[in-house]
Amino acid sequence: MWNSTRPFSDILLEAIAQVERYAMRGQDAFKQDELVQVWIIHHLQILGEAASKLSDSFVAQHSEVPWSVIVEFRNILVHEYFRVNLQMVWQIVERDLPNLKARITAILQDKS
Numbered sequence: 001m002w003n004s005t006r007p008f009s010d011i012l013l014e015a016i017a018q019v020e021r022y023a024m025r026g027q028d029a030f031k032q033d034e035l036v037q038v039w040i041i042h043h044l045q046i047l048g049e050a051a052s053k054l055s056d057s058f059v060a061q062h063s064e065v066p067w068s069v070i071v072e073f074r075n076i077l078v079h080e081y082f083r084v085n086l087q088m089v090w091q092i093v094e095r096d097l098p099n100l101k102a103r104i105t106a107i108l109q110d111k112s
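In this text, residue positions in the sequence shown follow the UniProt record's numbering: the first is 1, and each later residue adds one.
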């Protein structure tokens with residue numbers, strides 16, 4: 001799974017891949033299957049946690065990514081669990097995650 005020696009940028013992509021793994025089952029599966037909900041929410045939490053560990057210089061260099069929003073969403077998922085809106089979670093998975101994945105992939109390709 002995750003190794004503490006891996007760069008947080010790699011962990012971001014791994015967390016996205018884990019969300020995609022079950023998101024591909026579709027919105028109905030997400031709505032109806034609590035295990036799918038928990039899986040996706042857990043990996044969104046990991047995504048936010050990894051984003052919170054990125055260096056200030058990395059975040060500043062890549063300000064096109066809404067890092068603070070990602071971290072803030074993680075905090076909602078972790079600390080305000082009973083207020084989590086599943087429709088909002090699904091919208092983020094469907095609408096925002098593909099764009100985030102593309103941005104992070106481009107950043108990592110530019111670094112190599």
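The beta-carbon is built from N, C-alpha and C at its ideal position, and this holds for glycine as well.
Contact check, residue i vs residue j, beta carbons under 7 Å
i, j, result
"F8", "A60", "no"
"L47", "L12", "yes"
Host alpha helix (DSSP H) of residue i (start-end)
i, result
"M88", "L86 to Q91"
"V65", "From DSSP, V65 is part of no alpha helix (DSSP H); its letter is neither H nor E."
"K53", "No alpha helix (DSSP H) contains K53, which DSSP labels as neither H nor E."
"F30", "Q27 to Q32"
"E94", "Element bounds for E94: n/a, residue is neither H nor E."
"Y22", "F8 to A23"
Straight-line Cα distance separating residue j from residue i
i, j, result
"E14", "H79", "23 Å"
"A29", "L97", "18 Å"
"A102", "I16", "11 Å"
"E94", "Q45", "16 Å"
"H42", "D56", "25 Å"
"V69", "Q32", "27 Å"
Rounded Cβ spacing between residue i and residue j (contact assumed at less than 8 Å)
i, j, result
"V71", "S52", "5 Å"
"I92", "H62", "Contact doesn't hold; Cβ gap of about 19 Å is too wide."
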